[in-house]
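**Student:** Take a look at the following structure, please.
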């Protein structure tokens, strides 16, 4: 919260767009600002009305360098924008650095994301220490179409203005904690010796030589990838990682997404009845890749580039009591299956489970 | 003589750290260096505050991870203290 807990005394606030960045269509700027305002009005009793002239509660303007508020901007990058806490005159106003490359997508700086953050200040929030929060100080791109206000920000703004009037209270995503015993994963893969654990919009990244686990947005590495990756595996021989979501997959060559992706999973030989892949791992010794879907699995021959005959088979019949799989990867000849908060270490040669651990056993908890 | 690259780099890093902490962590601008000789240098403590805020290793030293965080594009509102 901002020091002194400033807040607007009214719920019906006004805003005015004083000027526009030349880099975007006016309609796109209007849309970005409206969407940013709705981020906050959706979770509180607040309403925002646009006015064209006169003084509004929240004046939004694009300015450069010294713009007479004792807080000069610094040109491209660095400080992107700032905003003032609720109050008269400059109170609540949002200033955006007009020397930034403003966009409505993942290039440059996404105007919607930055304005939504600054409006948090306009309403009385200060910066959050939660790296997944909208009110975290550093810029992180999220596809506006996939944006959901995180729970940390909902808690903050509702502590100031109360809950939304909606019959069902909105909730938001929380930031995964590596040592949270209830942590589950969407997908896990190796990537050139590191391990990547996918969860929502995040990757928990574990380098074998480093104790800490790094938490990053998927979009930090791959802005074009969606959140919620459902399966992933590394083809070590080809130095590729394949990432799956719904009926599409992407290929990472090295660290970059290969051109021409996403492609349809049906190119790999799945029947149309398969809508998504839950988990996958590739056995570098046999060149076979195993895809897990619900309670069945397929086997794909990486050399022939086609599915083997005789599949799908029941997971239970060949992998023991594992049943269903959320995520899987192979390391040092063993396969690690994740289901909920449980992890199974499976010996593919002996076809038996040799150990059962917690899902976050790879992190130094 | 041209300054040795490392020294130049280090000088830049120190300037970055000082400006960052002045902008966002209320480090007082200190334009009386001789006074500094007498008083305790507040920079390590402010640096620790910043490292703690960002969940970095709290060393009080401008290590690589800390410098990388400081170079990230960000909001101009301070992380602590007043912004009026």
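Residue numbers (my numbering), protein chains in the order written: chain R, 1 to 365; chain D, 1001 to 1084. Where is the CB? At the ideal position from N, CA and C, for every residue including glycine. Quick caveat: nothing in here was measured; it's all calculated off a predicted structure.
1) Under a three-way DSSP split, which group does residue 190/R fall into?
2) How big is the Cα-Cα spacing for residue 176/R and residue 203/R?
3) Taking only beta-carbon atoms, is residue 1073/D less than 8 Å away from chain R?
4) Please give the ranges of any beta strand (DSSP E) in the stretch 166-222 of chain R, keeping only runs that are unbroken, at least 3 residues long and fully inside the region.
5) May I have the straight-line CA-CA distance separating residue 305/R from residue 281/R, to the nearest angstrom?
6) Classify residue 1075/D: buried if its beta carbon has 16 or more other beta carbons within 10 angstroms, exposed otherwise.
7) In chain order, what residues of the stretch 108-138 of chain R put their CB closer than 8 Å to some CB of chain D?
8) Go ahead and pull the three-state DSSP assignment for residue 295/R.
9) If contact means a Cβ-Cβ distance below 8 Å, which residues of the stretch 64-79 of chain R contact chain D?
10) My output table needs one value for residue 263/R: the three-state DSSP class, helix, strand or coil.
11) Would you say the stretch 19-39 of chain R touches the stretch 54-71 of chain R, given that touching needs at least three Cβ pairs under 8 Å?
12) Please check if any C-beta of chain R sits within less than 8 Å of the C-beta of residue 1009/D.
13) Can you give me the start and stop residues for the beta strand (DSSP E) that residue 1050/D sits inside?
14) Return helix, strand or coil for residue 1020/D, following the three-state DSSP convention.
15) Taking residue 1055/D as the query, report the chain R residues whose CB atoms sit under 8 Å from its CB, ordered along the chain.
16) Roughly how many whole angstroms lie between the Cα atoms of residue 66/R and residue 95/R?
17) By the 10 Å Cβ neighbour count, where 16 or more other Cβ atoms means buried, how is residue 51/R classified, buried or exposed?
18) Nearest by alpha-carbon distance to residue 188/R: which of 337/R, 227/R, 252/R is it?
19) Excluding the 5 residues preceding and the 5 following residue 86/R in the sequence, name in chain order all residues of the same chain whose CB lies nearer than 6 Å to its CB.
20) Would you list the residues sitting across from residue 102/R in a DSSP beta bridge?
21) Go ahead and pull the three-state DSSP assignment for residue 73/R.
22) Decide if residue 255/R is buried, meaning its Cβ has at least 16 other Cβ atoms within 10 Å, or exposed.
23) Quick one: which chain D residues come within Cβ less than 9 Å of residue 232/R?
24) Decide if residue 27/R is buried, meaning its Cβ has at least 16 other Cβ atoms within 10 Å, or exposed.
25) Tell me which residues of the stretch 334-363 of chain R have at least one Cβ-Cβ distance to chain D shorter than 9 Å, keeping chain order.
26) Would you kindly work out how many angstroms separate the C-alpha atoms of residue 159/R and residue 241/R, rounded to a whole number?
27) In this structure, what does DSSP give as the bridge partners for residue 14/R?
28) Have a look at 127/R, 136/R, 233/R and flag the residue whose alpha-carbon is nearest the alpha-carbon of residue 191/R.
29) Starting from the C-beta of residue 212/R, find all residues in its chain whose C-beta is less than 8 Å away, skip the five residues before and the five after it, and write them out in chain order.
30) Mind pulling the chain D residues with CB within less than 7 Å of residue 82/R?
31) Does DSSP put residue 38/R in a helix, in a strand, or in coil?
**Tutor:** Walking through what the data contain:
1) Residue numbering aside, residue 190/R sits at position 190 when the first chain is read from its first letter. Correct three-state label for residue 190/R: strand.
2) The count along the first chain starts at 1 and reaches residue 176/R at position 176. The count along the first chain starts at 1 and reaches residue 203/R at position 203. If you take the alpha carbons of residue 176/R and residue 203/R, they lie about 9 Å apart.
3) Position 73 of the second chain, counting from 1, holds the residue named residue 1073/D. Chain R, which has a Cβ nearer than 8 Å to the Cβ of residue 1073/D, makes this yes.
4) 187-191, 194-199, 202-206, 213-217
5) The residue you call residue 305/R lines up with position 305 of the first chain. The residue you call residue 281/R lines up with position 281 of the first chain. Between residue 305/R and residue 281/R, the C-alpha separation is close to 15 Å.
6) For the purposes of this step, residue 1075/D is identified with residue 75 of the second chain, where counting begins at 1. Flag for residue 1075/D reads buried.
7) For the stretch 108-138 of chain R, which is checked against every Cβ of chain D, the residues closer than 8 Å are 109, 114, 117, 118, 121, 126, 127, 129, 131, 137, 138.
8) Residue mapping note: residue 295/R aligns to position 295 of the first chain, counting from 1. Looking at residue 295/R - three-state DSSP - the assignment turns out to be coil, as it is neither helix nor strand.
9) 71, 73, 77, 78, 79
10) Numbered from its first residue, the first chain carries residue 263/R at position 263. Of the three classes helix, strand and coil, the one that applies to residue 263/R here is strand, per DSSP.
11) yes
12) Residue 1009/D sits at position 9 when you count from the first residue of the second chain. Closer than 8 Å: no.
13) Locating residue 1050/D in the second chain gives position 50, counting from the first residue. Per DSSP, residue 1050/D lies in no beta strand (DSSP E) segment; the continuous alpha helix (DSSP H) that holds it begins and ends at 1043-1053.
14) Here residue 1020/D is taken as the residue at index 20 of the second chain, counted from 1. Here residue 1020/D sits in helix by DSSP.
15) As a first step, residue 1055/D is located in the second chain; it is residue number 55 there, counting from the start. Chain R residues near residue 1055/D: 129, 131.
16) Your numbering for residue 66/R matches position 66 in the first chain. Your numbering for residue 95/R matches position 95 in the first chain. Their Cα atoms are separated by approximately 11 Å.
17) In the first chain, the residue the question calls residue 51/R occupies position 51. Exposed is the call here.
18) One-based indexing of the first chain puts residue 188/R at position 188. The shortest C-alpha to C-alpha distance from residue 188/R to any of 337/R, 227/R, 252/R is the one to 337/R.
19) The residue labelled residue 86/R in the question sits at position 86 within the first chain. So the list reads 6, 7, 8, 92, 124, once near-sequence residues are dropped.
20) Within the first chain, numbered from 1, the residue matching residue 102/R stands at position 102. DSSP lists 109/R as the bridge partner or partners of residue 102/R.
21) Within the first chain, residue 73/R is the residue found at index 73, counting from 1. Correct three-state label for residue 73/R: coil.
22) In the first chain, the residue the question calls residue 255/R occupies position 255. That one is exposed.
23) Residue numbering aside, residue 232/R sits at position 232 when the first chain is read from its first letter. The premise fails here: residue 232/R is roughly 26 Å from chain D at the closest Cβ pair, so nothing lies under 9 Å.
24) Walking along the first chain from the start, residue 27/R turns up at place 27. Counting Cβ neighbours within 10 Å, residue 27/R comes out exposed, since fewer than 16 surround it.
25) Answer set for the stretch 334-363 of chain R: empty.
26) For the purposes of this step, residue 159/R is taken as residue 159 along the first chain, with counting starting at 1. For the purposes of this step, residue 241/R is taken as residue 241 along the first chain, with counting starting at 1. Cα to Cα, residue 159/R sits roughly 43 Å from residue 241/R.
27) Stepping through the first chain from its first residue, residue 14/R is reached at position 14. Beta-bridge pairing by DSSP links residue 14/R to 49/R.
28) Against the first chain, residue 191/R aligns to sequence position 191. Minimum Cα distance to residue 191/R is reached at 233/R.
29) In the first chain, the residue the question calls residue 212/R occupies position 212. Spatial neighbours of residue 212/R in its own chain (CB-CB distance under 8 Å, excluding positions within 5 residues in sequence) are listed in chain order as 364.
30) Taking the first chain and counting its residues from 1, one reaches residue 82/R at position 82. Here the neighbours are 1075, 1076, 1077.
31) The residue given as residue 38/R occupies position 38 in the first chain. In the structure shown, residue 38/R sits in a helix (DSSP, three-state: H, G or I).
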